[in-house]
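Notes for the one structure printed next.
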Amino acid sequence: ELPFPVVCNIEDYTDTVSADVAPSTKVVVEFSEWIPNSEDSILTVRVETKMEGDLVLNNNLEEKKIWIYKNIPEVSALYQNRPNPFRDVTTIKYALRNKAKVTIEIYNVLGQRVYVWDLGVKEAGFHYVKWDGKDSRGVKVSSGIYFVRFTSGDFQAIKKIVKLR
């Protein structure tokens, strides 16, 4: 067994790792993480071995087509926060069907706004914010029931959340 280089090419990404494999055996090779530069496109992944003295060249190259697409939700939505109830921090997830201006507000049971995220225009996709249970002045809110109001363009949704001490 001699180590030999294995090269992966995708667009402008290239990574080379060293592999040890005995004749007539298989080995799994892992390359560093790759993030595509483009969305909604078909790319060619090319993996090639480069063994010195290899006379059988027809098994040294593998090419596959891959489809890169952006994960866009079918509808805009506000999801239930997690954890709920919560003590310190909770995550509020939401989905945008289209690019839109987003505002998320927290209200107490008296209808008073205690916190707001004016997030500006966000791209279509899945997003989240974290709430640390503090009001807009940085003071911890009391335990109890609160409401999250999510506004995105003409879409609105409200969820009930529970804050524990």
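Numbering-wise, this note's numbering puts 135 at position 153 of the sequence shown, and it's gapless, one number per residue.
The C-beta atom is built at its ideal place from N, Cα and C for all residues, glycine as well.
What you are looking at is a predicted structure, and each value in this text was computed from that prediction instead of being measured.
The three-state secondary structure of N(-9), taken from DSSP, is strand.
Close CB contacts of E(-7) within its chain, under the 8 Å cut and outside five residues either way in sequence, are with P18, N19, S20, L25 (chain order).
When secondary structure is reduced to three states using DSSP, N66 falls in the coil class, being assigned neither helix nor strand.
Residue pairing for K75: DSSP places it in a beta bridge opposite Y110. The Cβ-Cβ distance between S58 and S134 falls below 7 Å. Taking the C-beta atoms as reference points, V(-12) is found nearer than 7 Å to T31.
The segment 84 to 99 makes no contact with the segment 37 to 53; the number of CB pairs closer than 8 Å stays below 3.
L101 and V27 have their C-alpha atoms roughly 37 Å apart. Between the alpha carbons of M33 and W16 lies a gap of roughly 25 Å.
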